[in-house]
Amino acid sequence: MRTIKFRGKRLDNGEWGYGDLIENQGRFFIYHATSESTIEDNENGRIVVVAVEVDSSTVGQFAELKDEKGREIYEGDIVRDEYEGVAKVCFDSYSWQLIYGIGDDGNQVQSFEELDGLRIAIIDNIHDNPELIKTE
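Residues are numbered in our numbering as their position in the sequence shown, beginning at 1, plus a constant of 703.
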């Protein structure tokens, strides 16, 4: 079974939120179901879903792949491969890809299917440290 989940930077505190993505009237929310936070009663006695609003420009989907340390890889992550190549994780049309050589050097694209056996490690993401990908 495929795991579909997202992350996004919370507007209230700048932390990353992980879970299901909800879009409502142009606003984006991450909903993470737990036994403690799935629902709550408001002052009118109605049950409401607990979700946090996130910056839509930071939303990225889980790539269904983990790095060499077991950390989940998301769209927008910056990774380093075992040959010291640095790439950005992207989804393009139908497949997950690593994009190397961002900037004046051109782009080298490698699909996740081509990663068979290649060790990669997350070093950051394009939202917190975009300069990492621009200088490589």
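The beta carbon of each residue, even a glycine, is placed where N, CA and C say it ideally should be. Bear in mind the structure is a predicted one, so any value in this text is a computation, not a measurement.
Quiz item: So what does Tyr777 bridge to, in DSSP terms?
Solution: In DSSP, Tyr777 forms a bridge with Phe765.
Quiz item: Per DSSP, Ser734 is paired with what?
Solution: The amino acid at residue 734 is misidentified as Ser; the sequence shows Tyr. DSSP output for Tyr734 lists Asp723 as bridge partner(s).
Quiz item: Using a Cβ-Cβ cut-off of 7 Å (strictly less than) and excluding sequence neighbours within five positions of Arg763, which residues of its own chain qualify?
Solution: Before going further, note that residue 763 is Gly rather than Arg in the sequence given. Once the five neighbours on either side are set aside, the close Cβ partners of Gly763 are Phe709, Arg710, Tyr777, Glu778, Gly779.
Quiz item: Between Ser814, Tyr803, Asn828, which lies nearest to Ser796 when the distance is taken from Cα to Cα?
Solution: Ranking Ser814, Tyr803, Asn828 by Cα distance to Ser796 puts Ser814 first.
Quiz item: Are three or more beta carbon pairs between the region 784 to 802 and the region 716 to 733 nearer than 8 Å?
Solution: With the cut-off at 8 Å, the region 784 to 802 and the region 716 to 733 do not touch.
Quiz item: For Leu714, does the three-state DSSP call read helix, strand or coil?
Solution: coil
Quiz prompt | Thr761, buried or exposed, once every other Cβ within 10 Å from all chains shown has been counted against 16 | solution = buried
Quiz item: What is the DSSP secondary structure of Ser760, reduced to helix, strand or coil?
Solution: Reduced to three states, the DSSP call for Ser760 is helix.
Practice problem: Give the straight-line distance between the Cα atoms of Gly820 and Asp770, rounded to the nearest whole angstrom. | Solution: 11 Å
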